[in-house]
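> Numbers in this note's numbering are just positions in the sequence shown, counted from 1, shifted up by 24. Glycine included, C-beta positions come from ideal geometry on N, C-alpha and C. These numbers were taken from a predicted model, which means no experiment stands behind them.
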Amino acid sequence: MTVNPQAVRVSTELPGRTSAYLVAQVRARADGIVLSRDFVEGGEVRAGQRLYKIDPAPYVAKVDAAKAALAKAEASLITASALAKRDKVLVAASAISEQDYENAVSAERVAAADVAARKAEVETAQINLGYTNVIAPVTGRTGVSQVTPGAYVQANQATLMDTIQEIDRVYVDVAQASLDGLKLRRAIQEGRLKTYGPNAAKVTLILEDGREYPQKGTLQFSDVTVDQSTGSVRLRAVFPNPDRVLLPGMFVQARVETGIDEHAFLVPQVGVTHDQKGHVNALVVGPDNKVVIRSLVTAGTYGADWLVDSGLQPGDRVIVQGTGKVRPGMMVKAVPATNAAAVIRSSTELAVRRSPSPGTPASQSAASGV
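1. Please state if the CB of Tyr-83 and the CB of Glu-190 are separated by a distance shorter than 9 angstroms.
2. Checking the sheet assignment: what are the DSSP bridge partners for Arg-61?
3. If you follow the beta strand (DSSP E) that Ser-35 is part of, which residue opens it and which one closes it?
4. Would DSSP call Tyr-237 helix, strand or coil?
5. Would you mind sorting Glu-132 into buried or exposed? The rule is 16 or more other CB atoms within 10 Å of its CB.
6. Tell me the DSSP secondary structure of Ala-317 in three-state form.
7. Which term fits Pro-173, buried or exposed, when burial requires 16 or more other beta carbons within 10 angstroms of its beta carbon?
8. For Asn-152, count neighbouring Cβ atoms within 10 angstroms of its own Cβ and tell me buried if that reaches 16, exposed if not.
9. What is the C-beta distance between Val-350 and Val-304, in whole angstroms, given that I count them as a contact (C-beta under 8 angstroms)?
10. Just to confirm before moving on: does the CB-CB distance between Ser-256 and Ala-201 stay below 9 angstroms?
11. Among the residues of its own chain, which have a CB less than 6 angstroms from the CB of His-287, if the five just before and after it don't count?
12. What are the start and end residues of the alpha helix (DSSP H) that includes Tyr-125?
13. Ile-102 lies in the beta strand (DSSP E); which residues open and close that run?
14. Could you tell me whether the segment 68–80 touches the segment 161–171, where touching means 3 or more Cβ pairs closer than 8 angstroms?
15. At the level of alpha carbons, what is the spacing between Asn-452 and Gln-345?
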């Protein structure tokens, strides 16, 4: 087949796991006996919905006590204010000393500060009373309740009562080798790879059963730290999950579109070999119809083909059939390949037929397919 550069969407497939978009732990913020659980385990709850009711009686009493203390402080302020006003008149008439008047003004200010403190105590008591209604902090799906009616919960131990997870959207966290990330950034900088512009890179998800998830995701960010134990960088994508197909903790494969290589060479995998040293090679028919071996640098697979970074030139004729019948240096005749399924889409299909060398009978079998 004759290879020529073409635009190819470059992607990488990485293993990962799903996680909830939001996770909120519901913890007790008041001490007391749980009187009721007001939701169905595993069901949907809305932000602000009451989940549990804790016995409010002790907190109601504290609110009443705080209000009584406030009323007493307000009464004291009224008295102090009246005395300060009276002493102001008296000091003007020189009926009392300046010191007595200043003491009256100071007492008024102390009484006013006491009123402010008592108001804060009332507000604190009301807040604590509100904590007896345990509400959902976010909208999502509940898990298994960790407490039942009749259980005693404590605020200072922050008793875990349940966990709510938002799964209308889910995260997929994958790990990419730092070397692969470095190659990707270098290809973009050198102009060999074009990104999709300002839009976020699209991500395709392959589920555990091998099926492709119908919703496309977007790449949110790449971590700035390399994990020293694995040499990888974490990538995070977010996917819509309207039908709740994706559940937190699922193992998936994420295919991340990293850009467009406008000068990519695609070679069928049958036309590429690996030697004992791990080198990637291909047999190419030269201009003089001699077989030469080319060392290739590949960037992974693309369907049934290898994506070749270097080692090929436009117009090179790569042998894709009969590779086991020819050797470098042989004279061959290129003919169309007979197995169209073995070659790339829209490429020129060739086959190689070995020409008789001196002393070789003309009836010797020919290599089929390029």
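In short, the structure shows the following:
1. Result no, Cβ atoms of Glu-190 and Tyr-83 do not sit closer than 9 angstroms.
2. Looking at the DSSP assignment, Arg-61 forms a beta bridge with Tyr-76.
3. Counting along the chain, Ser-35 sits inside the beta strand (DSSP E) bounded by residues 30–51.
4. Tyr-237: coil per DSSP, three-state reduction.
5. Residue burial annotation: Glu-132 is buried, with at least 16 other C-beta atoms found within 10 angstroms of its C-beta.
6. Note that residue 317 is Ile in the sequence shown here, rather than Ala. If DSSP states are grouped into helix, strand and coil, Ile-317 belongs with the strands.
7. By the 10 Å Cβ count, Pro-173 comes out exposed.
8. By the neighbour-count definition (other C-beta atoms within 10 Å, threshold 16), Asn-152 is a buried residue.
9. Not really, about 18 angstroms apart at Cβ, beyond 8 angstroms.
10. Yes, the pair counts as a contact, with Cβ atoms nearer than the cut-off.
11. Within the same chain, Cβ atoms closer than 6 angstroms to the Cβ of His-287 are found at Pro-29, the five residues on either side in sequence being excluded.
12. Counting along the chain, the unbroken alpha helix (DSSP H) around Tyr-125 starts and ends at 122–154.
13. Not the beta strand (DSSP E): Ile-102 falls in the alpha helix (DSSP H), residues 81–116.
14. Yes, they touch.
15. The displayed coordinates of the chain run from 25 to 394. Any statement about residue 452 would go beyond what the structure contains.
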